[in-house]
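To keep things clear, I will list the structure first and then write my remarks on it.
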Amino acid sequence: MALAAVHDHVAAAQALAARLPQLIDESRRMAISLRSGLHGNRKVGPGSDFWQFRPYITGDPTNQIDWRRSARSDHTFIRQTEWQASHNYWIWPVLSPSMYWSSARDIPFKAERTLIISIALADLLLRNGETVGTFDAERTRITSAEHLEKLAHAMLASPDNITNHAGAMHAGRKHSVLVLGDFLEFVDSNQSPVRAIKTLGQYQNDGALVHVLDPAEIEPPFTGRVNFMDTDDQMIYRSERFEDLREGFRQRAKTWRADIRDAARENDWLCDQHVTSESASPTLLALYQHLSERQSQSGSNGRGRPAMNRNSTTRPR
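Heads up, this note's numbering is the position in the sequence shown plus 360, with the first residue counted as 1.
Structure below.
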């Protein structure tokens with residue numbers, strides 16, 4: 361379903377790598393602007409940092425009673441500390457050749473926007489005390505935002521195809537896996553996105569899919585003669601009058617998006633859509649809040665896959 365020629369995606373990928381410092385700065389600015397209005401993902405658990413007092417309940421361990429605080433009241437109080445063990449998140453921006461395309465000069469490549477969201481999300485998670493990794497050959501993982509550039513370079517080196525590599529992506533048990541891409545490889549493939557996502561979630565891994573789309577992949581703006589090219593710049597179809605194909609194009613694109621959404625729902629994963637002509641902040645905020653809520657629901661050990669309301673796993677588009 362390539363819409364136009366992806367002119368030398370290798371050169372485009374190299375240009376994206378060269379711009380990585382600027383993309384990291386943009387990602388950090390976006391993360392900072394969101395972080396000021398967010399609360400940390402705080403949970404009760406073993407740790408040294410005081411969180412709060414709460415009234416004693418029959419059955420609570422007596423060694424958790426704060427006798428000094430209790431002496432100033434008619435009630436007995438438990439001293440709670442904040443859980444400090446980090447959770448592991450794996451972020452996989454799937455930068456396939458079709459991601460280096462946009463329908464207009466003022467719209468960024470899908471690859472660029474995907475990388476910005478991935479880095480900004482990593483920044484938010486790291487500053488919340490989590491561990492973040494990606495699926496490059498070294499399985500790079502970091503625990504500090506100071507090493508964000510290292511992670512960004514590793515993201516560029518992650519596999520650019522889900523169907524060929526999902527089986528080799530071995531995240532740890534009960535980790536969280538986040539996959540961002542256009543998922544065009546599933547349009548004309550016999551591979552099922554459901555099967556690929558189940559492979560990624562086979563060790564009780566929670567996760568999310570972010571379907572990154574150019575606006576022309578939702579509402580095609582083309583008229584007249586249009587040449588459809590594959591990612592090797594080979595013509596696969598020529599339309600003399602695109603207006604005659606528009607409705608069929610819309611329906612096929614709608615089916616493609618639904619297949620990706622249903623694959624996420626089948627695995628109890630979040631699915632969100634991001635259109636590159638729009639701001640990345642709402643997508644980043646929705647993704648981060650979803651992850652925080654899932655971890656809060658999973659209990660004090662910060663792990664596990666809680667039940668999800670399937671009707672709320674995606675925003676209608």
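Don't be surprised by glycine CBs; every beta carbon is placed ideally from N, CA and C.
Beta-bridge pairing by DSSP links residue 570 to 540 and 632. Per DSSP, residue 491 is not a residue of any alpha helix (DSSP H); the beta strand (DSSP E) it occupies stretches across 491 to 493. Secondary structure note for residue 451: its beta strand (DSSP E) is the uninterrupted segment 448 to 453. Setting aside the 5 residues that flank it on each side, residue 637 is surrounded in the same chain by 467 and 575, each with a C-beta closer than 6 Å to its C-beta; the list follows chain order.
Of the candidates 423, 457, 386 and 449, 457 places its Cα closest to the Cα of residue 372. Unbroken alpha helix (DSSP H) runs of no fewer than 4 residues, entirely contained in the segment 603 to 630, are found at 606 to 626, following chain order. Partner residues in a beta bridge of residue 370, as assigned by DSSP, do not exist.
Taking 8 Å as the cut-off, the beta carbon of residue 553 is found closer than this to the beta carbon of residue 620. By the Cβ-count criterion, residue 470 is buried, with 16 or more other Cβ atoms from all chains shown falling within 10 Å of its own Cβ. When DSSP reads this structure, residue 438 sits in a beta bridge with 414 and 425. Per DSSP, residue 382 is one residue of the alpha helix (DSSP H) stretching across 380 to 395. Boundaries of the alpha helix (DSSP H) around residue 473: 470 to 486. Taking C-beta separations shorter than 7 Å and ignoring five residues to either side along the sequence, the partners of residue 511 in its chain run 482, 492, 494, 500 and 502, following chain order. Three or more Cβ pairs closer than 8 Å define a contact, and the segment 517 to 531 meets that threshold against the segment 447 to 461.
Boundaries cannot be given for residue 467, as no alpha helix (DSSP H) includes it and DSSP labels it neither H nor E. If you draw a straight line from the Cα of residue 439 to the Cα of residue 418, it comes to about 15 Å. Under DSSP, residue 588 forms a beta bridge with 597.
A straight-line Cα-Cα distance of about 13 Å links residue 534 and residue 559. Closest by C-alpha distance to residue 555, out of 584, 538 and 522, is 522. Residue 416 and residue 422 have their C-alpha atoms roughly 9 Å apart.
As DSSP reads the structure, residue 502 sits in a beta bridge with 492. Put simply, the backbone Cα of residue 489 is about 27 Å away from that of residue 377.
If the five residues before and after residue 531 are omitted, its C-beta is found closer than 6 Å to the C-beta atoms of 450, 537 and 565, all from its own chain and listed in chain order. In the DSSP assignment, residue 514 falls within the unbroken alpha helix (DSSP H) covering 508 to 516.
Taking C-beta atoms under 8 Å as the contact rule, residue 647 and residue 547 fail to qualify, at a distance of about 24 Å. Of the residues assessed, residue 370 falls on the exposed side of the cut-off, its CB having fewer than 16 other CB atoms within 10 angstroms. Assigned with DSSP and collapsed to three states, residue 534 falls in coil, not helix or strand. Per DSSP, residue 521 lies in no alpha helix (DSSP H) and is assigned neither H nor E.
CA-to-CA, the gap between residue 608 and residue 578 works out to about 12 Å. The straight-line gap separating the alpha-carbon atoms of residue 625 and residue 616 is approximately 15 Å.
Relative to residue 383, the option among 545, 631 and 509 whose CA is nearest is 509. Annotated three-state conformation of residue 529 is coil, per DSSP. Excluding the 5 residues flanking it on each side, residue 644 has same chain C-beta neighbours closer than 8 Å at 390, 391, 394, 477, 480, 481 and 484, in chain order.
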